[in-house]
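Encoded as structure tokens, the structure appears first; notes follow it.
Chains as they are written, first to last, in this note's numbering: chain A, 8 to 486; chain B, 8 to 486.
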């Protein structure tokens, strides 16, 4: 194709993407040094409508270093309708850290697995990926380096790193092959481009990007290869709301409750302070049946916390900015910085509960969410966060009593909505969804606590006990 | 009022705020050390529904330090329906920096003026402010400090700073008076609270917050006292679209245009690189009449830039997240970090152009926007940014020719919308709004460039010339 024709068609395809706002596109370039990636991105950018394009090539900020590793990439995922161009992106770190032996072979392979999961999740949510490995052979790389160095007008573009990467040419080549083999997928293909000259390179990249833009979209909501909904590797025993025995315990006197509550809150205050001191982030996810007492339980937790340390995130319908991005984005954006506590009043589990039962997400979407959630939580744990997942259960009879009490109490009436009654009609569907959720997302460090809430006092103590237990386990661990 | 009654009423008032989502509330606490602000905020927070509350007490992050000073506060303004509690907020910095003589008396007064402008803007946009000065006399402060130090369970709460602030008690008291006098306003009142005991303090703050919550809202869109739309202090000559003489210049040959374009773009490339090296941020606002060639001009600018350095922000309708915040928030959130370039394709001037002419904002709202915009731009300049404001004008006849050409060209037809034809009908209203905008927002360092665009080639060269001129002025300045 002639350059002018290609350029016009590429722009057309981009404008079509922007008009439809159905998919986002990520173009990622990585590979050897001195392959003129910077120039290429600049030229390509002139071909594109830059109001719908963003280029990312920066190192992490302090806000990024204080959050799980993938936060820095999640916050840069382009909205539907936009093209995000990443220089090195999530590959540079793995590649160069491994080449410089700052990453062990095992950690390198783990990172590649994370990349696979990240890309599969993006792809399933309508982000189209094109990944380019910029190749150059060692003698040519050397010639380009020398030519750059000899040219006073361009020598500033060179850094010591470029020479270092030239010396590591063979290692980077081998790591690149391993990386591509491990992360190539139908939804995230790799293309290798041998560097010849800038004009040819631009032409080829432009053509590949255009092909990507005009390719028919993958089946919507399809489960990309490599993503399974299966239970996690280690099959841990999980709780079950259907098999739970009704715990009959003697009611707790008000005095005895007050005493135990004060003790548990005192412990929590000390534990939380220690988390802040050791800069350990905490993420607590509260799920539960309507009227089980989520709000009240969260209040008993926050009562022990310094108001400057925590934030409660109430998860309701997504905003329109959130709807333009993969579903998990709205949870990533709310992750706490190190030493802080994020409490989710309803959470990412809405994907496999209300969205499943009410048919708000297609089956394929909520099915793959199990794997996505496991990966999300693994990321939190890998960053050193403490994760607490609490499910507050209530019997059908007790729920009815509480609904009726709410309806009869003027200042509580606003808490009871038509939705509550509607959800009650789906009781068994919810129970099925809850048990499947338990089984598929039970994982080491991310175990569920199923808390029987028919007795409010015992329930609140159990919530505090669970939170304390998780914090104390973490504080007792050497790491 | 009994504590329980007060607590219930406060919560009611908060829930009402959250339900209506018409206003946000900011409670700001500052004042002397050892006035138990931390404890107070915690207790107050237990009284409130913490799903609709956020507490801010942190120092600036690296992302914040790399942007204009007020960015850190703008990003923390609560959404409508929410309460934001700030410990010291935008006062702590001014107060303690002045007490420690890191801020000159003049700089302190300037900061107070900025605070007045910030609070007036918030108030006008539906953010209700309550500011508390926590007072304590010197002997009582000393007693509290000694008691804290003697108590092993609480001694960790003390820092060297607390003792230092005790020694500066008189200075902080005097500065506090000056600060309150300078920033008290009907829409942002100060309350002084002498510390007696924690229970009384909580009761009083709870009552004040409730009063604030239930007070009838100020006139919507009213211009708060102290905000004027008047022209800036130094009356600079401003351009005028109605008085502009049609510049008749000989058409530029293609060859001559290409040569001058290449020269201007080469200069821009060098200038932009120097901005990155010196970590100077650049903000370019492009406004203009339909079909004047905004897009094409921006492309000629970005063609000289490294794609990693800039981002083009196309300003269209606000998102729902943006609608829940003061109007200027969506421009603050897009400010570039140091050394980077943000190009606005349409900008904050929409407030006094399309929103005025189409009646999308009430008159009081766009009238006060002149002062708000002047302050916004002053902030950018104070941070050391370069600001370029370019208005691309076109004659009515030339616009018609371009509309007709677009309608006749298949791949340009999408650029022509009904809105374009509608805007044409308001030609004179727009001209009036544009000239008033020029006059009221012309300021040193923030001068408008009115660019005649009937001749596309000359227009593009003029745009590049203006951008180069502004960057070179900044690079030539010693600061």
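C-beta: ideal position from N, C-alpha, C; glycine also.
Check this for me: beta carbons of residue i and residue j, under 8 Å apart or not?
i: residue 470 (chain A); j: residue 321 (chain A); result: no
i: residue 473 (chain B); j: residue 456 (chain B); result: yes
i: residue 54 (chain A); j: residue 17 (chain A); result: yes
i: residue 420 (chain B); j: residue 256 (chain B); result: no
i: residue 182 (chain B); j: residue 106 (chain B); result: yes
i: residue 266 (chain B); j: residue 195 (chain B); result: no
i: residue 141 (chain B); j: residue 42 (chain B); result: yes
i: residue 445 (chain B); j: residue 245 (chain B); result: yes
i: residue 220 (chain B); j: residue 290 (chain B); result: no
i: residue 129 (chain B); j: residue 62 (chain B); result: no
i: residue 82 (chain B); j: residue 28 (chain B); result: no
i: residue 423 (chain A); j: residue 414 (chain A); result: yes
i: residue 36 (chain A); j: residue 94 (chain A); result: yes
i: residue 101 (chain B); j: residue 119 (chain B); result: yes
i: residue 139 (chain A); j: residue 198 (chain A); result: yes
i: residue 32 (chain A); j: residue 24 (chain A); result: yes
i: residue 400 (chain A); j: residue 302 (chain A); result: no
Can you confirm whether residue i, when its beta carbon is compared against all beta carbons of chain A, has any partner nearer than 8 Å?
i: residue 49 (chain B); result: yes
i: residue 474 (chain B); result: no
i: residue 62 (chain B); result: yes
i: residue 160 (chain B); result: no
i: residue 424 (chain B); result: no
i: residue 45 (chain B); result: yes
Within 8 Å (strictly less), CB to CB, does residue i reach chain B?
i: residue 24 (chain A); result: no
i: residue 315 (chain A); result: yes
i: residue 352 (chain A); result: yes
i: residue 397 (chain A); result: no
i: residue 21 (chain A); result: no
i: residue 227 (chain A); result: Its pLDDT being 49, under 50, residue 227 (chain A) is placed unreliably in this model, and the value from its coordinates should be taken loosely. Not an interface residue.
Under 8 Å between beta-carbons, which chain A residues line up against residue i? List them in chain order, please.
i: residue 269 (chain B); result: Within chain A, no residue comes near residue 269 (chain B); the closest Cβ sits about 14 Å away, beyond 8 Å.
i: residue 70 (chain B); result: 68, 69 and 70
i: residue 326 (chain B); result: 326, 327 and 328
For residue i, count neighbouring Cβ atoms within 10 angstroms of its own Cβ and tell me buried if that reaches 16, exposed if not.
i: residue 426 (chain B); result: exposed
i: residue 366 (chain B); result: exposed
i: residue 333 (chain B); result: buried
i: residue 240 (chain B); result: Below a pLDDT of 50, predicted positions are generally treated as unreliable, and residue 240 (chain B), at 49, falls in that range; the measurement from the model is reported next regardless. Under this definition residue 240 (chain B) is an exposed residue.
i: residue 163 (chain A); result: exposed
i: residue 418 (chain A); result: exposed
i: residue 311 (chain A); result: buried
i: residue 403 (chain A); result: exposed
i: residue 174 (chain A); result: exposed
i: residue 285 (chain B); result: exposed
i: residue 282 (chain A); result: buried
i: residue 484 (chain B); result: exposed
i: residue 9 (chain B); result: exposed
i: residue 288 (chain A); result: buried
Closer than 8 Å by beta-carbon distance: list the chain B residues that pair up with residue i, in chain order.
i: residue 212 (chain A); result: Going along chain B, no residue has its Cβ under 8 Å from residue 212 (chain A), so there is no contact; the nearest lies around 13 Å.
i: residue 53 (chain A); result: 306, 309 and 310
Which residues in chain A have a C-beta closer than 7 Å to the C-beta of residue i? List them in chain order.
i: residue 319 (chain B); result: 57 and 58
DSSP beta-bridge partners for residue i?
i: residue 319 (chain A); result: A:350
i: residue 198 (chain A); result: A:139
i: residue 31 (chain B); result: B:134
i: residue 294 (chain A); result: A:398
i: residue 458 (chain B); result: B:399
i: residue 53 (chain B); result: For residue 53 (chain B), which the question treats as bridged, DSSP gives no partner whatsoever.
i: residue 92 (chain B); result: B:34 and B:62
Residues of chain B with a CB under 9 Å from the CB of residue i: which are they?
i: residue 273 (chain A); result: Per Cβ cutoff of 9 Å: no residues; residue 273 (chain A) is ~11 Å from chain B at best.
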